[in-house]
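Accompanying notes for the structure given below.
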Amino acid sequence: MTSRDLEIDTPKAINVEFPQESIILLKTFLKLTKLPKVPPINTTPAWKLGIDLTWLSQLKSTLESDAWQADKLLEAVNSWPNYLVRMKATDEADEEEFVDLHFMHIKSGKPNAIPLLMVHGWPGTSFSPTRCVGLTSLKRLTRQLAGTFWDFHKVIEPLTNPPAGQPAFDLILPSLPGYFLSTLPQRYNWTLVHIATLFHKLMTKILKYPNGLIAISYLRAVILGPAVNNDNAAFTEAELHALKRGQDFWETGRGYIEIQSTKPFTIGIAIATSPVALLTYIGEKMYMWSDPSKLDPVDVINNVVLYYLSGCFPTSVMIYHQGTAERNQMRALHNGEAQWKVKSKIGFTLFIPVPHTLQIVSAAPRAYIQAAGPLVFYKERSSGGHFAALDNPDGLVEDLREFLSSHWEN
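The opening position of the sequence shown corresponds to residue 1 in full-length UniProt numbering, with each subsequent residue numbered one higher.
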């Protein structure tokens with residue numbers, strides 16, 4: 001990658017590159033790392049107590065072989081315009097720290113293209129949890145933020161170059177501070193509010209888009225659920241499945257939240273030092289939260305490699321520690337009402353294969369979303385999962401077009 005001789009608030013086009021010796025080391029470490037021949041308890045059902053050893057072995061074999069080439073991944077990454085921009089970490093007058101923000105800016109070239117900011121979560125890499133869309137000011141993005149751009153690679157072309165009669169989009173895909181090539185401020189109190197303010201500045205001050213923007217993001221039902229009386233809500237079959245799987249996740253799948261919230265240095269450093277550790281840790285999440293019939297192992301591998309080569313895993317998990325206080329505020333009720341609400345119009349798609357066993361990190365029935373703000377578009381889809389941009393890109397694109405063609409001008 002080009003050196004970071006950046007001017008403040010001035011985007012610099014970059015070519016994403018990594019030293020060849022880093023790629024050679026990646027392959028070498030993989031070949032030198034020996035996996036167990038059998039699971040600790042060989043009779044355990046696959047995926048019940050963590051990653052399936054057979055599946056992990058197949059990922060490792062693919063990545064260490066000539067079947068996977070870093071050049072192909074980097075060629076794909078650089079087929080889209082990549083930028084770095086140096087910005088002040090906050091709007092405070094005495095702020096002395098800066099953030100180098102990586103983003104992709106893919107313009108449609110078609111008239112009246114709608115600016116669409118697509119924000120990733122963890123462990124994706126510029127947007128993984130793809131469910132909720134809000135017509136919103138970027139200063140309200142904190143209420144929707146749920147770690148890489150690769151998760152969007154299937155929807156970029158249809159959104160920027162649609163067929164006749166369909167809306168076109170200018171896509172802005174930032175890497176969250178601490179993810180991929182974006183730096184993390186050296187402070188404890190870096191919160192989702194600061195991230196939202198940073199993105200607001202990127203869109204309105206640096207890229208010169210108007211204040212009324214589209215933000216696409218994952219609206220966590222763990223925030224919204226307490227505001228709804230579940231006993232009286234009439235849930236659909238898909239919503240009941242989602243709630244059940246959300247409960248399963250809360251009981252057996254949230255361990256990573258606890259350790260990343262309390263000991264991010266330990267887990268961050270331990271996982272980052274080994275490509276097999278990254279394959280195991282991130283791969284398990286991507287499989288369990290996806291529709292396995294739609295999950296392409298190469299997408300898992302590419303996501304993991306972007307983490308490994310950029311060295312960002314230790315800083316990527318810090319968002320869990322730094323966001324703890326805000327998550328608690330989001331879940332708090334005042335007179336039975338959620339205190340954090342979205343004022344803008346909301347569109348929401350529930351991606352939930354029925355029946356299936358994938359875990360739902362945060363189930364969000366219609367009633368949960370209605371408790372959070374003005375819901376004007378809601379749909380259920382029986383294909384896809386937490387990583388809907390990878391699992392069901394056609395469905396996601398269709399819903400974005402339908403929702404925004406009806407409500408963007410309003």
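We put the beta carbon where it would ideally sit given N, CA and C, even for glycine.
In this structure, what does DSSP give as the bridge partners for P115? The count along the sequence shown starts at 1 and reaches residue 115 at position 115. P115 is bridged to D170.
Should T43 be listed as close to the ligand GDP, given that the test is whether its C-beta is under 7 Å from any heavy atom? Although the ligand GDP was asked about, the structure shown includes no ligands whatsoever.
For the pair the region 74–84 and the region 281–296, tell me if three or more CB-CB distances fall below 8 Å. The region 74–84 makes no contact with the region 281–296; the number of CB pairs closer than 8 Å stays below 3.
Which of helix, strand or coil does DSSP assign to V397? By 1-based counting over the sequence shown, the position of residue 397 is 397. If DSSP states are grouped into helix, strand and coil, V397 belongs with the helices.
Could you tell me how far apart the beta carbons of W150 and N303 are, in whole angstroms, since I believe they sit closer than 8 Å? Against the sequence shown, residue 150 aligns to sequence position 150. Against the sequence shown, residue 303 aligns to sequence position 303. Yes, W150 and N303 are in contact; Cβ-Cβ is about 5 Å, under 8 Å.
Helix, strand or coil for K88, going by three-state DSSP, please let me know. Taking the sequence shown and counting its residues from 1, one reaches residue 88 at position 88. In this structure, K88 counts as strand in the three-state DSSP scheme.
Return the Cβ separation of I106 and I24 in integer angstroms, given the expectation that the two are a contact with Cβ distance under 8 Å. Counting from one through the sequence shown, the residue named residue 106 turns up at place 106. Counting from one through the sequence shown, the residue named residue 24 turns up at place 24. Actually they do not touch by this definition, with Cβ atoms about 31 Å apart.
Start-to-end residues for the beta strand (DSSP E) that takes in H120: Against the sequence shown, residue 120 aligns to sequence position 120. Per DSSP, H120 belongs to no beta strand (DSSP E) and is neither H nor E.
Report yes if the CB atom of P185 is closer than 8 Å to the CB atom of P174, and no otherwise. Counting from one through the sequence shown, the residue named residue 185 turns up at place 185. Counting from one through the sequence shown, the residue named residue 174 turns up at place 174. Not a contact, by the Cβ cut-off of 8 Å.
Please classify H102: does DSSP put it in a helix, a strand, or coil? The residue labelled residue 102 in the question sits at position 102 within the sequence shown. DSSP, read as helix, strand or coil, puts H102 in strand.
Out of A325, V276 and M318, state which residue places its alpha-carbon closest to the alpha-carbon of P36. On the sequence shown, residue 36 is found 36 positions in, with the first residue counted as 1. That would be V276, whose Cα lies nearest to the Cα of P36.
Let's see if you can read the secondary structure: which residues bound the alpha helix (DSSP H) around R245? Locating residue 245 in the sequence shown gives position 245, counting from the first residue. Counting along the chain, the alpha helix (DSSP H) containing R245 begins and ends at E237 to T252.
Below 8 Å, can you find three or more Cβ-Cβ pairs linking the region 12–27 to the region 243–250? The answer is no - the region 243–250 does not touch the region 12–27, with fewer than three Cβ pairs under 8 Å.
Where are the alpha helix (DSSP H) runs, 4 residues long or more, that stay fully inside the region 268–351, in chain order? Whole alpha helix (DSSP H) segments, 4+ residues: 275–288, 297–310, 313–316, 318–322 and 324–331.
Under 8 Å between C-beta atoms of T280 and I41: Indexing the sequence shown from 1 puts residue 280 at position 280. Indexing the sequence shown from 1 puts residue 41 at position 41. Cβ atoms of T280 and I41: not closer than 8 Å.
Roughly how many angstroms lie between the CA atoms of V85 and L202, to the nearest whole one? The residue labelled residue 85 in the question sits at position 85 within the sequence shown. The residue labelled residue 202 in the question sits at position 202 within the sequence shown. Distance between the alpha carbons of V85 and L202: 9 Å.
Roughly how many angstroms separate the alpha carbons of K294 and A270, rounded to a whole number? One-based indexing of the sequence shown puts residue 294 at position 294. One-based indexing of the sequence shown puts residue 270 at position 270. A270 has its alpha-carbon roughly 30 Å from the corresponding atom of K294.
Contacting residues, own chain, Cβ-Cβ under 8 Å from Q166 (five flanking each side not counted): Mapped onto the sequence shown, residue 166 falls at position 166. R401 and S405.
State yes or no: is the C-beta of H241 within less than 8 Å of the C-beta of V354? As a working note, residue 241 is residue 241 in the sequence shown. As a working note, residue 354 is residue 354 in the sequence shown. Note that the C-beta distance between H241 and V354 is below 8 Å.
To the nearest angstrom, report how far apart T136 and K343 are at their CA atoms. On the sequence shown, residue 136 is found 136 positions in, with the first residue counted as 1. On the sequence shown, residue 343 is found 343 positions in, with the first residue counted as 1. Residue placement at T136 cannot be trusted, given a pLDDT of 48 that sits under 50; the coordinates are not used to answer.
Candidates T273, S22, P115 and K285: closest to K208 by CA position: Walking along the sequence shown from the start, residue 208 turns up at place 208. Comparing Cα-Cα distances from K208 to each of T273, S22, P115 and K285, the minimum goes to P115.
Under the rule that 16 or more other beta-carbon atoms within 10 Å means buried, what is G255, buried or exposed? The residue you call residue 255 lines up with position 255 of the sequence shown. Within 10 angstroms of the beta-carbon of G255 lie fewer than 16 other beta-carbons, which makes it exposed.
Who pairs with K12 in a beta bridge, going by DSSP? Counted from its first residue, the sequence shown places residue 12 at position 12. Looking at the DSSP output, K12 shares a beta bridge with L84.
Please report the distance separating the alpha-carbon of L278 from that of A272. Reading the sequence shown from its first residue, position 278 is the one you call residue 278. Reading the sequence shown from its first residue, position 272 is the one you call residue 272. Rounded to whole angstroms, the separation of the alpha carbons of A272 and L278 is 7 Å.
Which term fits P19, buried or exposed, when burial requires 16 or more other beta carbons within 10 angstroms of its beta carbon? Sequence index remark: in the sequence shown, residue 19 carries index 19 (1-based). With fewer than 16 other Cβ atoms from the protein chains shown falling within 10 Å of its own Cβ, P19 counts as exposed.
Mind checking Q69: buried by the 16 CB within 10 Å criterion, or exposed? Position 69 of the sequence shown holds residue 69. Under this definition Q69 is an exposed residue.
What span of residues does the beta strand (DSSP E) with L26 cover, start to end? Indexing the sequence shown from 1 puts residue 26 at position 26. Here L26 belongs to no beta strand (DSSP E); instead the alpha helix (DSSP H) covers Q20 to L32.
State the Cα-Cα distance for the pair F180 and L306, rounded to the nearest angstrom. The residue labelled residue 180 in the question sits at position 180 within the sequence shown. The residue labelled residue 306 in the question sits at position 306 within the sequence shown. Spanning the two alpha carbons is a distance of roughly 7 Å.
What residues match up with R381 in a beta bridge as DSSP calls it? Looking up residue 381 in the sequence shown gives position 381. According to DSSP, R381 bridges with F351.
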